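K.L.:
Encoded as structure tokens, here's the structure I'll be asking about.
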Amino acid sequence: MLAVRSINEADESRDIPHGHLDVVSLEGVDFGVARFEPGWRWSTDVGPIAGTDSCQFHHNGYVAQGHMHIRMDDGEEKDLKAGDVFVCDPGHDAWVVGDETALVFDFAGNIHDYAK
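Okay, structure coming up:
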């Protein structure tokens, strides 16, 4: 199998408070490009949309630009900066650190349902 798609022809594009998400679906994986503006925080900007206290999505990601912080529901915390690759289980909050927009690529199985 070989599947190729352009993010410029996203299956879904949606604005969220302090951010924007484009999603392309391929065979067995969704690819998301998220732009989180300074001031973005999952618990205040996406939580009310999702209706949960913390993000319940699994993320396989790459931070291309900016600086973010993730706090897991169990209290574990990590900083993510440009160039970092990460895996994050469901049950977390995240936010942009500083005044630069965070650009995050996310390879997940169901990112098309994120922020809905």
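Residue numbers 202 to 317, in the numbering used here, belong to the letters of the sequence shown in order. Glycine is no exception: its CB is placed at the ideal position from the N, C-alpha and C atoms. This structure is a prediction, so every number in the text was calculated from the model and none was measured.
1. Cα-Cα, which of Phe287, Pro249, Gly233 is closest to Pro218?
2. Hey, is Val247's beta-carbon within less than 8 Å of any beta-carbon in chain B?
3. Please classify Gly229: is it buried, with 16 or more other beta-carbons within 10 angstroms of its beta-carbon, or exposed?
4. With three or more beta-carbon pairs closer than 8 Å as the criterion, would you say the stretch 234-246 touches the stretch 297-308?
5. If you count every other CB in all the chains shown that lies within 10 Å of the CB of Asp254, and 16 or more means buried, which is it?
6. Could you spell out the range, first to last residue, of the beta strand (DSSP E) harbouring Ala295?
7. The beta strand (DSSP E) with Gly262 in it runs from where to where?
8. Which partner residues does Arg215 have in the DSSP bridge list?
P.N.:
Concretely, from the data shown:
1. Pro249
2. The chain labelled as chain B is not found in the depicted structure, where only one protein chain is given.
3. exposed
4. yes
5. exposed
6. 293-297
7. 260-266
8. Leu222
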